[in-house]
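Chemist: Numbering (the working numbering), first residue to last: 197 to 378. For every residue, glycine included, the Cβ atom is placed at its ideal position computed from N, Cα and C. Quantities reported herein were computed from a predicted structural model and do not represent experimental measurements. Dropping the structure in here first, questions after.
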Ligand code: ZN
């Protein structure tokens, strides 16, 4: 078990585009393990590498008792959409209605470099879209309807974890970021 601190809204790594994984080595497998452990401990339905301070295109998901991961994802989204509550481990306590594609076909690799395809709808599709957004520095509050987004930013500003001074409280991981100076 290697549970890592989860970076919170305000941490610049959450706004940084993550880079493609090139080496499918044991460091990557450790990252997938850390993501899985941290996600299950939270508990959460998904977790992307930037959320634990690593700027690589990797995420894990945990939907309906099934746990998986995906490296270097490429998404194909359905035109049909779904509405439903969405939250984020990096924005504690916030859950708001967010429109997403209803189904997704996600192509990428597993931690051994083997090509994999995830096909999902509803919750799995939502998680895959949310986590892939994290890899592009996008947060779910960016996807909200304008009025809800305003409400979200207000709730974030007033939240305890964001810091009473109005400046974001940045939690710094005590662990090395695997050579990435991010
Ligand atoms: Zn999130």
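Does the ligand ZN have a heavy atom nearer than 7 Å to the CB of residue 285?
Modeler: yes
Chemist: Answer yes or no: do residue 267 and residue 232 have a C-beta to C-beta separation smaller than 8 Å?
Modeler: In this structure, the beta-carbon distance from residue 267 to residue 232 does not fall below 8 Å.
Chemist: Please determine if the stretch 204–221 and the stretch 327–337 are in contact, where contact requires at least 3 C-beta pairs separated by less than 8 Å.
Modeler: yes
Chemist: Which full runs of the beta strand (DSSP E) of 3+ residues lie inside the stretch 288–372, going along the chain?
Modeler: 299–305, 311–317
Chemist: Please find out if some non-hydrogen atom of the ligand ZN comes closer than 7 Å to the beta-carbon of residue 151.
Modeler: Here the chain has residues from 197 to 378 only, and residue 151 is not among them.
Chemist: Do residue 322 and residue 282 have their beta-carbon atoms positioned less than 8 Å apart in this structure?
Modeler: yes
Chemist: When the Cα of residue 297 is compared with those of 226, 315, 275, which residue comes out closest?
Modeler: 275
Chemist: Can you tell which of 248, 252, 328 has its C-alpha closest to the C-alpha of residue 219?
Modeler: 252
Chemist: So, with DSSP's three-state summary, where would you put residue 256?
Modeler: Here residue 256 sits in strand by DSSP.
Chemist: Going by alpha carbons, who is nearest to residue 249 out of 315, 339, 205, 341?
Modeler: 205
Chemist: Given that a residue counts as buried once 16 or more other Cβ atoms are within 10 Å of its Cβ, and exposed if not, what is residue 286?
Modeler: buried
Chemist: Looking at the secondary structure, which residues open and close the beta strand (DSSP E) in which residue 263 lies?
Modeler: 262–273
Chemist: In three-state terms, what does DSSP make of residue 378?
Modeler: Summary for residue 378: the model assigns pLDDT 29, below 50, so the residue's position carries little reliability, and this model does not support an answer.
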